[in-house]
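> In my numbering, the protein residues as written are 8 to 559. Built from N, CA and C at the ideal position, the CB exists for glycine as well.
Quick look at the structure:
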């Protein structure tokens, strides 16, 4: 503690140089009453209050107040609406529409067969093609998906895990075909297998070979795609499975610790890759707890990277994150309430300092979002950005007695969980023992019991109820789309050079069976138009398949 770090010093040395990168954001910010809003408020704005090193200033360790000194004074968060359905053609059309509506980044949702390594014409894919995301079986599909979208001009996030190296290889191959400089590609691949074993279940291979594929991506991108975020360590699915806010922080950061250690064990220097790690959190409806959650996660991660892993580069200590509003809070009853829930959750993410944001649509409890619903979800972000005033001040809730108390409490609770996971041998060993799964199940059970008992109010569900409404305009996926997809696959297998495909798959098998980096072999395979099913079947033969961990 003490007063050694003044606000004036921070303004002159950090904020003012950073703001010069954003001349369009240098206008004065005023309230409706004409009160000028300062860039940031700090303890020395109040007489007799000391500077607090636990809080610091935005853009400085321990990053409690944000990872950038400018935050939204410099640039508004990326509005990245998650989308994918029916077919590559239909999804491409939706992307163009969203970009025209002011979306500033793409986020790809893949269907279940793509997520678990089956082609669209596989028996295992029947009934699931294009239902919860876009079907991508080959490079040809990926080319259609991004038709007319220059990949060197747009930031893309791909929510894909078990098949992450295959989809990243396809993305690289499309960029090369477009003539883009691959080293300038900007985006994120989720690539987070540990949370699949904890909460989501779309795994293919056992945890240890899956970790190897993750670190292969770290290695490859450090050299070839330096601006690419190589992993999005996800608390979102942990929260959606029923965890508390403290568990979401703890289990996510414990996974992050495991990935960092695996990369170091594979020979990477921590400052070589840690600056490209990103995180993905949920935003729930308890506004101030969620704000505190994001602040606590940033501070805890910064301390872990500095003290445990001895990172030297400040970027290695930054917890940069994407947020999605909570899908499990959306109700089929009174669906218009979902617009309000989403707005509150989005506000929590913004006040908590998110780098990018997806807002869920009002009709998601029924179907994949319709065009009207997704437009309203995007407008929710735009209203918050340009009309609410919450982006006008850097960390507007910093210093709130309640928010700081919640931040400290969540940090302490999350740290207890991380210490327990360390005692069990780390995240991977704890997963194999069912620890995180069991904790989430118990939390989920308690919440459901509270809802059913009326101790927790869900408006329209257990209080202020009304009859189910008739919902019009829902998006329906035409079964004919799956048929078209399987016909395209059959035509692809006829016209490609199948000898070249076999050679590429054999090179992948050799790389997977050795210690070689597998990414160049993945790129060879997709450029030969090997399908995702053929590639994953080859790897199933090398790595085996994961069976569900029984939690008792």
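I need the straight-line Cα distance from residue 384 to residue 324, nearest angstrom please.
Looking at the two C-alpha atoms, the distance is approximately 32 Å.
> Using 8 Å as the threshold, is the segment 370 to 379 in touch with the segment 63 to 77, meaning 3 or more CB pairs across them?
no
> Based on Cα-Cα distance, which residue from 85, 22 and 50 lies nearest to residue 360?
85
> I'd like to check one pair, residue 269 with residue 312: are the Cβ atoms closer than 8 Å?
no
> Is the beta carbon of residue 89 sitting closer than 8 Å to the one on residue 166?
Yes, they are a contact pair.
> Locate the beta strand (DSSP E) running through residue 425, then write down its first and last residues.
Unbroken run through residue 425 is the alpha helix (DSSP H), 408 to 430; no beta strand (DSSP E).
> Report the three-state DSSP secondary structure of residue 344 (helix, strand or coil).
helix
> With three or more beta-carbon pairs closer than 8 Å as the criterion, would you say the segment 113 to 121 touches the segment 130 to 139?
Note that the segment 113 to 121 touches the segment 130 to 139; at least 3 beta-carbon pairs, one per stretch, sit closer than 8 Å.
> May I have the straight-line CA-CA distance separating residue 358 from residue 396, to the nearest angstrom?
11 Å
> From this set, 189, 236 and 144, which residue's C-alpha is nearest residue 224's C-alpha?
236
> Taking the CB atoms as reference points, tell me whether residue 159 and residue 493 lie closer together than 8 Å.
no
> Nearest-angstrom Cα distance between residue 465 and residue 458?
7 Å
> Within the continuous beta strand (DSSP E) that includes residue 225, where are the two ends?
Unbroken run through residue 225 is the alpha helix (DSSP H), 214 to 231; no beta strand (DSSP E).
> Give me the residue from 482, 477 and 438 with the minimum Cα distance to residue 213.
Per the C-alpha coordinates, the member of 482, 477 and 438 positioned closest to residue 213 is 438.
> Apart from the five residues just before and just after residue 297, which ones in its own chain have a Cβ nearer than 8 Å to its Cβ?
252, 290, 291, 352, 355, 356 and 359
> Which residue's Cα is closest to the Cα of residue 95: 155, 123 and 317?
155
> Does the Cβ-Cβ distance between residue 244 and residue 300 come in under 8 Å?
no
> Going by alpha carbons, who is nearest to residue 16 out of 61, 546 and 65?
65
> Please classify residue 555: does DSSP put it in a helix, a strand, or coil?
coil
> Can you pull the DSSP bridge partners for residue 548?
DSSP, once it has assigned bridges, lists no residue as partnering residue 548.
> Beta-carbon within less than 8 Å of residue 496's beta-carbon, same chain only, minus the 5 sequence neighbours each way: which residues are those?
126, 127, 128, 144, 145 and 538
> Would you kindly check if the distance between the Cβ of residue 288 and the Cβ of residue 247 is under 8 Å?
no
> Would you mind reading off the limits of the alpha helix (DSSP H) that contains residue 451?
For residue 451, the uninterrupted alpha helix (DSSP H) segment begins and ends at 442 to 460.
> Buried or exposed: where does residue 190 fall if 16 or more other Cβ atoms within 10 Å of its Cβ makes it buried?
exposed
> Start and end of the alpha helix (DSSP H) containing residue 295?
294 to 310
> Tell me whether residue 79 is buried or exposed, calling it buried when 16 or more other Cβ atoms sit within 10 Å of its Cβ.
buried
> By Cβ distance below 7 Å, which residues in the same chain neighbour residue 517 in space, the five residues on each side in sequence not counted?
So no residue of the chain qualifies.
> Where residue 230 and residue 481 are concerned, what is the direct C-alpha to C-alpha distance, given to the nearest angstrom?
45 Å
> Return the chain-ordered list of same chain residues with a C-beta closer than 6 Å to the C-beta of residue 331, the five sequence neighbours on each side being excluded.
243 and 365
> Can you find the residues in the same chain that come closer than 6 Å, C-beta to C-beta, to residue 414, ignoring five residues on each side of it along the sequence?
299, 302 and 303
> Return the residue from the list 13, 306, 327 and 425 that minimises the CA-CA distance to residue 239.
327
> Can you grab the Cα-Cα spacing for the pair residue 552 / residue 211, in whole Å?
Each residue's alpha carbon lies about 6 Å from the other.
> Can you find a CB in chain C that lies within less than 8 Å of the CB of residue 62?
Considering every chain present, this structure includes no chain C. It has just one protein chain.
> Going by the CB atoms, is the gap between residue 29 and residue 109 shorter than 8 Å?
Not a contact, by the Cβ cut-off of 8 Å.
> Excluding the five sequence neighbours on either side, which residues of its own chain have a C-beta within less than 8 Å of the C-beta of residue 259, listed in chain order?
So the list reads 202, 240, 241, 242, 245, 286, 288 and 304, once near-sequence residues are dropped.
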